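Notes follow the structure.
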């Protein structure tokens, strides 16, 4: 239960809040035609860097789960689950970021 | 409907099929699910890129630029605010889950019903929030502060309305609702 929710919590959604607020303003102001594209690039870079500590936490999550009082077999298998999810998590961040880029344009 | 809804409309069934294939047909077991989900995420991202490039939305893209390495502070500030808000909310629910787990299997099961419901219902205010921040942002960018403020107020009142409707429905349905999740007939009174 705990590890599954950890996965579901969607860190990318919260990270990309920055893009929500900035992107829609830059786009609508029309002063900088490529401003939104630059924000998208910036979001790709920053959010990918932010993902690294989470990927590390997922990779080494077994002792963390044990410290939280989970049983050994749950901790071990949850850790394997999260390790497998690491590449997909990055794809999710890129998806969310691109989604916000389109949403800021009203698409 | 917007672009990402179309993409998810395509990739959600693919996700279900891939999960089934990996877990049952190919017998990858536990690791099949995250592998399938990861592939779905990448597919969604690539489809969305294709939409932006070939259908609509490529005109704000001026190519890779050094400007992407400037202005990180305000972006990170906004992102940290978002993390703080959503992170503390999730943490509150994680604490409940951990405590419920120590109370035993049935409280944990009841808690997981609540948590699932919460995730499901959370999509409504979350969607409202995205719509509101884009609307308020667009109007601010277009230098219409009064209409922007109206947009924020509309969002607040809409969320009060939806919150009340959901609360009423849940209160009325509370004794039946748990049965959707379980074949056992332990109710809230047991």
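Residue numbers (our numbering), protein chains in the order written: chain A, 1 to 107; chain U, 1 to 190. Each residue gets a CB set at the ideal place from its N, CA and C atoms; glycine is no exception. Bear in mind that the values here come from a model prediction, so they are computed numbers and not experimental data.
What residue from the options has the CA that sits closest to residue i's CA?
{"i": "residue 25 of chain A", "options": "U:5, U:163, U:145", "result": "U:145"}
{"i": "residue 91 of chain A", "options": "U:19, U:59, U:42", "result": "U:42"}
{"i": "residue 59 of chain A", "options": "A:72, A:46, A:76", "result": "A:76"}
{"i": "residue 64 of chain U", "options": "A:28, A:103, A:98, A:34", "result": "A:34"}
{"i": "residue 103 of chain A", "options": "A:29, A:55, A:36", "result": "A:36"}
Going along chain A in order, which residues have a C-beta closer than 8 Å to the C-beta of residue i?
{"i": "residue 62 of chain U", "result": "33, 34, 37, 38"}
{"i": "residue 37 of chain U", "result": "85, 88"}
{"i": "residue 221 of chain U", "result": "Absent from the model: residue 221 of chain U. The displayed extent of chain U is 1 to 190, so no value can be given."}
Which residues in chain A sit within 7 Å of residue i, going by Cβ to Cβ distance?
{"i": "residue 157 of chain U", "result": "Chain A residues near residue 157 of chain U: none, gap ~21 Å exceeds 7 Å."}
{"i": "residue 3 of chain U", "result": "102, 107"}
Can you name the residues of chain U whose CB is closer than 9 Å to the CB of residue i?
{"i": "residue 61 of chain A", "result": "Within chain U, no residue comes near residue 61 of chain A; the closest Cβ sits about 13 Å away, beyond 9 Å."}
{"i": "residue 22 of chain A", "result": "71, 74, 75, 78, 137"}
Within a Cβ cutoff of 8 Å, which residues of the same chain sit near residue i, ignoring the five residues on either side of it in sequence?
{"i": "residue 33 of chain U", "result": "19, 22, 23"}
{"i": "residue 257 of chain U", "result": "With chain U covering only 1 through 190, there is no way to say anything about residue 257 of chain U."}
{"i": "residue 3 of chain U", "result": "48, 51, 52, 55, 56, 57"}
{"i": "residue 36 of chain U", "result": "15, 18, 19, 21, 22, 23"}
{"i": "residue 151 of chain U", "result": "132, 135, 136, 139"}
Go through its chain and collect everything with a Cβ distance to residue i's Cβ below 7 Å, but skip five positions before and after it.
{"i": "residue 32 of chain A", "result": "26"}
{"i": "residue 39 of chain A", "result": "19, 22, 23, 26"}
Going along chain A in order, which residues have a C-beta closer than 9 Å to the C-beta of residue i?
{"i": "residue 178 of chain U", "result": "The premise fails here: residue 178 of chain U is roughly 17 Å from chain A at the closest Cβ pair, so nothing lies under 9 Å."}
Give the C-beta separation of residue i and residue j to the nearest angstrom, bearing in mind that I take them to be a contact with Cβ-Cβ under 8 Å.
{"i": "residue 115 of chain U", "j": "residue 93 of chain U", "result": "6 Å"}
In chain U, which residues lie with their C-beta within 8 Å of the C-beta of residue i?
{"i": "residue 73 of chain A", "result": "In chain order: nothing, as chain U lies at least about 11 Å away."}
Find the residues of chain U that neighbour residue i, judging by a C-beta separation of less than 7 Å, and give them in chain order.
{"i": "residue 94 of chain A", "result": "45"}
ask   = Taking any Cβ of chain A, which residues in the stretch 70-84 of chain U have a Cβ under 9 Å from it, in chain order?
value = 70, 71, 72, 74, 75, 76, 77, 78, 79, 80, 81, 82, 83, 84
ask   = Which residues, taken in chain order from the stretch 42-68 of chain U, show a beta carbon closer than 7 Å to some beta carbon of chain A?
value = 42, 44, 45, 48, 49, 52, 56, 57, 60, 61, 62, 64, 65, 67, 68
request  = Please name the residues in the stretch 141-154 of chain U whose beta-carbon is closer than 7 Å to at least one beta-carbon of chain A, in chain order.
outcome  = 141, 142
request  = Would you list, in chain order, the members of the stretch 12-30 of chain U that have their beta-carbon closer than 7 Å to a beta-carbon of chain A?
outcome  = 30
key: Contact residues within the stretch 39-54 of chain A, judged by C-beta distance below 9 Å to chain U   = 39, 40, 41, 42, 43, 44, 45, 46, 47, 50
ask   = What residues in the stretch 119-130 of chain U have a beta carbon less than 9 Å from any beta carbon of chain A?
value = 119, 126, 129, 130
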